[in-house]
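Trainee: Got a structure here, written out as structure tokens. Questions coming.
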Amino acid sequence: MVTGVFDDERQNVFWIVGSGMDRRHATTIRPGAVYAGQVISALCEQPLKIPQATPNGRMPRSKAVTDRCEECARLVADADFAETAWDF
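Numbering (the UniProt record's numbering), first residue to last: 1 to 88.
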């Protein structure tokens, strides 16, 4: 009998605050894999501009943002993604 080694693995989704935005959107693209200023798509198809990294020793401004896009949240719940909040 062959067992599925990857049966319990789920797709990751990252909640980020794009530059100039006031709420988090979800994306399956790992934000650290793209450069600052690049535009990627959220699950809701909203374009997200990746912000600059926060200098060491400072707290990212996005850390305090807890509001989430309702459409992204619905899509994440429907697909049972593994969720991570990502701050720059």
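Even for Gly, the Cβ is constructed at its ideal location relative to N, Cα and C.
#1: When you compare only the Cα positions, how much space is there between R30 and F14?
#2: Which first and last residues belong to the alpha helix (DSSP H) in which L75 is found?
#3: Could you tell me the alpha carbon to alpha carbon distance between M1 and E9, rounded to whole angstroms?
#4: If we ignore side chains and look at the alpha-carbon of each, how far apart do A79 and M59 end up?
#5: Under DSSP, the beta strand (DSSP E) around P47 begins and ends at which residues?
#6: Note down the Cα distance separating E45 from A77, rounded to an integer number of angstroms.
Mentor: Result, derived from the coordinates:
#1: 7 Å
#2: 70-79
#3: Any answer about M1 is weak, because its pLDDT of 44 lies below 50 and its placement is not dependable; what the coordinates show is given next. About 20 Å.
#4: 31 Å
#5: 47-49
#6: 16 Å
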